[in-house]
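So the sequence lines, in the order shown, correspond to chains U and W. Everything in the first sequence is counted per full-length UniProt numbering, starting at 1 for the first residue and increasing by one. Everything in the second sequence is counted per full-length UniProt numbering, starting at 1 for the first residue and increasing by one. Ideal Cβ placement from N, Cα and C applies to all residues, glycine included.
2 protein chains.
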Amino acid sequence: MDSIDLKILALLQKDATLSIAAIGEQVGLSQTPCWKRIQRLEADGVIDRRVAVLDPVKLGLGLTVFVSIETADHSKDWLEQFAGRISAMPEVLEFYRMAGDVDYMLRVVVADMAAYDTFYKNLIATLPLKNVTSRFAMEKVKSTTALPLPAPPPRGRTEPRLAVVGE
Amino acid sequence: MDSIDLKILALLQKDATLSIAAIGEQVGLSQTPCWKRIQRLEADGVIDRRVAVLDPVKLGLGLTVFVSIETADHSKDWLEQFAGRISAMPEVLEFYRMAGDVDYMLRVVVADMAAYDTFYKNLIATLPLKNVTSRFAMEKVKSTTALPLPAPPPRGRTEPRLAVVGE
DNA sequence: CTTGAAAAGAGCGGCCA
DNA sequence: TGGCCGCTCTTTTCAAG
């Protein structure tokens with residue numbers, strides 16, 4: 001996992017339609033080694049998958065809601081039930097177990113308030129919850145899938161770089 | 001935007017490496033019309049882009065933080081400044097203006113607590129903020145980019161379907 | 001890692017129904 | 001619209017330096 005791999009990843013997480021030739025050119029490699037690196041990154045699971053990102057508004061999914069949940073029961077069984085059922089809901093795009101006062105945090109995408117109401121009723125009917133707080137997004141300012149990869153050195157004297165993973 | 005388009009979108013938002021032939025087969029179309037539909041969906045911006053989704057943990061980015069912000073100043077100028085500077089931070093993957101008590105909500109991805117501390121200091125140094133609350137994720141239960149598209153009718157008598165966008 | 005090249009496959013476009 | 005049939009480009013693999 002050197003700086004060339006990071007460059008490749010930075011390119012692919014912005015635009016996965018780039019041809020191997022185009023990527024190779026930008027990272028200073030010919031097709032063959034560039035292709036081998038990408039294969040390795042996929043095999044290692046660093047590249048998890050390639051997806052099409054759709055426009056929610058154009059699909060009538062204009063409402064994003066952040067939901068904070070406090071659970072009543074904290075037994076292992078209960079939590080597994082909970083995790084399974086919430087994960088199964090397609091409106092839930094992200095679902096994290098949290099530290100601190102909030103136990104779980106969801107990011108939910110639905111068409112409108114009416115659809116959220118349906119979702120919400122479904123949510124609280126699934127299992128008893130101590131507290132559920134919904135926060136509604138008015139405007140999406142930024143939304144990206146691109147992770148903050150260490151920037152390539154700004155082309156100058158080679159400075160010592162931080163290790164990235166387990167290199 | 002009919003149910004075939006929705007099927008195509010459902011497939012592509014799960015796996016953008018599918019060949020047109022494979023997609024066509026699954027939606028019951030041959031390559032050409034299938035390809036034309038995809039072209040139209042891209043031209044219309046329904047398909048926004050295709051990206052590689054990377055594994056944050058494998059890249060040493062193991063900490064996700066939800067940040068709630070209350071702003072002090074609410075003038076238009078100030079908010080534009082704010083939006084611009086926050087958006088520019090690569091650690092900020094999502095950034096929404098909210099309704100209610102919280103003004104803004106961020107989802108931030110960093111390597112660890114030390115990196116978050118650096119980010120946080122940077123955040124509060126950027127502009128004066130009334131209140132900033134950080135909530136730390138302990139476990140990622142679910143994370144997807146796939147939007148909840150209306151499911152295709154479960155193969156039976158053709159029932160009346162709801163309109164999706166402006167069809 | 002590079003060049004070169006060839007086979008397989010996918011994207012793309014024309015033309016017909 | 002959708003379907004058939006090519007043309008072109010990319011991906012993928014291989015050999016040799």
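{"Check": "C-beta atoms of U:R107 and U:E94 nearer than 8 angstroms", "Outcome": "yes"}
{"Check": "Contact check, W:R97 vs U:V51, beta carbons under 8 angstroms", "Outcome": "no"}
{"Check": "Which residues DSSP lists as bridging U:A52, in chain order", "Outcome": "W:R50"}
{"Check": "Candidates U:L123, U:P33, U:C34, U:D48: closest to W:D15 by CA position", "Outcome": "U:D48"}
{"Check": "Contacting residues, own chain, Cβ-Cβ under 8 angstroms from W:V27 (five flanking each side not counted)", "Outcome": "I4, K7, I8, L11, C34"}
{"Check": "Rounded Cβ spacing between U:A137 and U:V65 (contact assumed at less than 8 angstroms)", "Outcome": "7 angstroms"}
{"Check": "8 angstroms Cβ cutoff, W:G100 in contact with chain U", "Outcome": "yes"}
{"Check": "Any C-beta of chain W under 8 angstroms from that of U:V46", "Outcome": "yes"}
{"Check": "Buried or exposed (CB count within 10 angstroms, at least 16 for buried), U:G60", "Outcome": "buried"}
{"Check": "W:A22 at chain U interface by Cβ criterion, 8 angstroms", "Outcome": "no"}
{"Check": "Any chain W beta carbon closer than 8 angstroms to U:P33", "Outcome": "no"}
{"Check": "Where W:L18 falls: helix, strand or coil (DSSP)", "Outcome": "coil"}
{"Check": "Cβ-Cβ separation, W:A72 to W:P128 (assumed contact under 8 angstroms), whole Å", "Outcome": "6 angstroms"}
{"Check": "Chain U contacts from the region 127–139 of chain W (Cβ-Cβ distance under 7 angstroms)", "Outcome": "R135, F136, A137, M138, E139"}
{"Check": "Unbroken alpha helix (DSSP H) run spanning U:L63, endpoints", "Outcome": "Where U:L63 is concerned, there is no enclosing alpha helix (DSSP H), although the beta strand (DSSP E) it sits in stretches over 63–71."}
{"Check": "Nearest to W:A151 (by Cα), restricted to the options U:V132, U:T133, U:E91, U:V102", "Outcome": "U:E91"}
{"Check": "Residues that DSSP places opposite W:A151 in a beta bridge", "Outcome": "Answer is none; W:A151 lacks a bridge partner."}
{"Check": "Exposure of W:A43, with buried meaning 16 or more beta-carbon neighbours within 10 Å", "Outcome": "exposed"}
{"Check": "Classification of U:M105 by the beta-carbon crowding that lies within 10 angstroms, buried from 16 upward", "Outcome": "buried"}
{"Check": "Interfacial residues, the region 82–97 of chain W to chain U, with Cβ spacing under 7 angstroms", "Outcome": "A83, S87, P90, E91, V92, L93, E94, F95, Y96, R97"}
{"Check": "Burial state of U:A114 (16 or more Cβ within 10 Å)", "Outcome": "exposed"}
{"Check": "U:K36 versus W:N131 - alpha carbon distance", "Outcome": "48 angstroms"}
{"Check": "Bridge-paired residues (DSSP) for U:K140", "Outcome": "W:Y96"}
{"Check": "Close-in-space but distant-in-sequence residues of the same chain around W:V110 (CB under 6 angstroms, 5 per side omitted)", "Outcome": "L63, E91, Y116, F119"}
{"Check": "Three-way DSSP call (helix, strand, coil) for W:R161 in this model", "Outcome": "Note on W:R161: pLDDT 44, under 50, position unreliable in the model; no value is reported."}
{"Check": "Inter-residue Cα distance where the pair is U:Q13 and U:A146", "Outcome": "6 angstroms"}
{"Check": "Below-8 angstroms beta-carbon distance, W:V51 vs any chain U residue", "Outcome": "yes"}
{"Check": "Buried versus exposed, by CB contacts within 10 Å (16 or more), U:V46", "Outcome": "buried"}
{"Check": "Exposure of U:D103, with buried meaning 16 or more beta-carbon neighbours within 10 Å", "Outcome": "buried"}
{"Check": "Residue-level contact to chain U via CB, W:V27, 8 angstroms cutoff", "Outcome": "no"}
{"Check": "W:V67 vs W:S19 beta-carbon contact at 8 angstroms", "Outcome": "no"}
{"Check": "Residue from W:E139, W:T17, W:G100, W:A21 whose Cα sits closest to the Cα of U:L79", "Outcome": "W:E139"}
{"Check": "Minimum C-alpha distance to U:M1 - residue among U:E25, U:R40, U:G24", "Outcome": "U:R40"}
{"Check": "Close Cβ partners of W:Q81 (< 8 angstroms) along its chain, the five nearest in sequence each way excluded", "Outcome": "L127"}
{"Check": "C-beta neighbour in chain U for W:T118, strict 8 angstroms", "Outcome": "no"}
{"Check": "Local conformation of U:V27 per DSSP, three classes", "Outcome": "helix"}
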